[in-house]
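Engineer: Here it is, the structure in full.
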């Protein structure tokens, strides 16, 4: 039968890994957006080399497993003496920064495509109308294109957030003690995989559920124009 | 390394077949009128989509081995029995991808126009014949792009099976970089081979889609 005492014991320990998991998720998502916006703009630009560079980045990071990317950065970069002697080495030596870097580059590629889709979904008529009203350049982006694209990209982005929460589990393969890392340690110490799996799985389910729900609420807030009008107040007799 | 890539391809194909079975079952359960079956399928989708795949692989690897060891002990066998990583990996990745495939297949069956089914009924088809001649071929056409995505995800997921010791492309790269002290070189080779596999299968699915769509009028 299930060992409930072990589950009660493992729960706070595994919960202790949530901080690391969330730090990796929020860090990589933040850096990912910084990579994604230029990538999307480059892939939509009229300038061919820029389009080519964006497409190369997206293809490479979407076409290979995240695990290979993490290992390539963490184990691979140390092969070069130039990297080991550079000022970046104290950063690239640490598994935490390497995992963060790999996760960021990975989500940057996926988010770049999402942002591109969002930008493409802005109706041409709206842009023409803004131009006709005298807006151009940054003002046009800030007032019209940005907000509309953001709203359109949000559902796809919320999928990306959920998949990033799950993707941080791979950081445990380079010794980082986040939720999966701690769960793995418990499994190999206690040989009770089912109990530990249930606890860790519940933690992940809670995280993904909360993230998806939060983004749903944001989506609802940002689309008042798509909601039904409230029922009219009956006129007084 | 190329042999590793072949193992990766084999395990991905096996896992994809597994995913199609789980996906079909889950889609059938969701489209059926039977409430408990629908709930079970919903639960399966929610759980698998909310939990990291690595955790699922650990569960089946350690859990499966524990269960078999326990059974073996009852028959007087001593010591820990380790299950073959290929079978466990295939099953675990198949189970995860099956949840995604299930959604694709369900959507495809729902996309079959009602008029087609009514027309077939009017011609006197029913039950299996209707399914075989009308619903399944049409659904397959709608499902193809989604299944292509599931295949790509499955292919990349197989890299995770390396953590339980199956010598596929990823594991092969780790072994090679351990013995030569050139990790970057070997992980880069693995990176390139994965990229080649995904790009090639992309081409393959595009061709299959073009073939499936050959009777469709385009605006």
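Chains as they are written, first to last, in our numbering: chain A, 48 to 284; chain B, 1100 to 1318.
By construction, the Cβ of each residue, glycine as well, lies at the ideal position given by its N, Cα and C atoms.
Just so you know, these numbers come straight off a predicted model, no measurement behind them.
Use the C-beta contact count for residue 79 of chain A: other C-beta atoms within 10 angstroms, 16 or more gives buried, fewer gives exposed.
Structural biologist: Looking at its Cβ environment, which holds 16 or more other Cβ atoms inside 10 Å, residue 79 of chain A is buried.
Engineer: Is residue 94 of chain A buried or exposed, if buried means 16 or more other CB atoms sit within 10 Å of its CB?
Structural biologist: Exposed.
Engineer: I believe residue 1253 of chain B touches residue 1118 of chain B by the beta-carbon criterion, under 8 angstroms. Please report the beta-carbon distance rounded to the nearest angstrom.
Structural biologist: Confirmed, about 6 angstroms.
Engineer: Within the 8 angstroms Cβ cut-off, does residue 1262 of chain B reach chain A?
Structural biologist: It does: the Cβ of residue 1262 of chain B has a partner Cβ on chain A nearer than 8 angstroms.
Engineer: One question on the structure: do residue 255 of chain A and residue 207 of chain A come within less than 8 angstroms of each other, judged by their Cβ atoms?
Structural biologist: Against a cut-off of 8 angstroms, the Cβ pair of residue 207 of chain A and residue 255 of chain A comes out as no contact.
Engineer: Can you find a C-beta in chain B that's less than 8 angstroms from the C-beta of residue 247 of chain A?
Structural biologist: Yes, its Cβ sits closer than 8 angstroms to a Cβ of chain B.
Engineer: Run the CB neighbour count on residue 1110 of chain B, radius 10 Å, all protein chains shown included, and call it buried at 16 or more, exposed below.
Structural biologist: By the neighbour-count rule (16 or more Cβ atoms within 10 Å), residue 1110 of chain B is buried.
Engineer: Taking C-beta pairs closer than 7 angstroms, name the residues in chain B that residue 234 of chain A reaches, listed in chain order.
Structural biologist: 1157 and 1161, listed in chain order.
Engineer: Tell me whether residue 117 of chain A sits in a helix, a strand or coil according to DSSP, three-state version.
Structural biologist: Looking at residue 117 of chain A - three-state DSSP - the assignment turns out to be helix.
Engineer: Please say whether residue 104 of chain A and residue 55 of chain A have beta carbons closer to each other than 8 angstroms?
Structural biologist: For residue 55 of chain A and residue 104 of chain A, no; Cβs fall outside 8 angstroms.
Engineer: Which same chain residues end up closer than 7 angstroms to residue 221 of chain A when comparing Cβ atoms and leaving out the 5 residues on each side of it in sequence?
Structural biologist: 117, 121, 142, 145 and 146.
Engineer: In chain A, what lies closer than 7 angstroms to residue 1199 of chain B by C-beta?
Structural biologist: Simply none; closest approach about 11 angstroms.
Engineer: If we count the other Cβ atoms within 10 Å of its Cβ and call it buried at 16 or more, is residue 1280 of chain B buried or exposed?
Structural biologist: So residue 1280 of chain B ends up on the exposed side.
Engineer: In whole angstroms, give me the CA-to-CA distance for residue 238 of chain A and residue 162 of chain A.
Structural biologist: If you take the alpha carbons of residue 238 of chain A and residue 162 of chain A, they lie about 44 angstroms apart.
Engineer: Does residue 160 of chain A pass the burial test, meaning 16 or more other C-beta atoms within 10 Å, or should it be called exposed?
Structural biologist: Buried is the call here.
Engineer: Ends of the alpha helix (DSSP H) at residue 1199 of chain B?
Structural biologist: 1184-1210 is the span of the alpha helix (DSSP H), which, as asked, contains residue 1199 of chain B.
Engineer: Answer yes or no: do residue 1295 of chain B and residue 1285 of chain B have a C-beta to C-beta separation smaller than 8 angstroms?
Structural biologist: No. Outside cutoff.
Engineer: Cβ atoms of residue 1191 of chain B and residue 1167 of chain B: under 8 angstroms apart, would you say?
Structural biologist: No, they are not a contact pair.
Engineer: In chain order, what residues of the same chain lie with their CB nearer than 6 angstroms to the CB of residue 251 of chain A, ignoring the 5 residues before and after it?
Structural biologist: Nothing meets the Cβ criterion.
Engineer: Take residue 1267 of chain B and list the residues in its own chain whose beta-carbon comes closer than 7 angstroms to its own, dropping the five residues that flank it on each side.
Structural biologist: So the qualifying residues of the chain are 1103, 1106, 1107, 1110, 1257, 1260 and 1261.
Engineer: Assuming residue 110 of chain A is part of the alpha helix (DSSP H), what are its boundary residues?
Structural biologist: Unbroken run through residue 110 of chain A: none, as it is neither H nor E.
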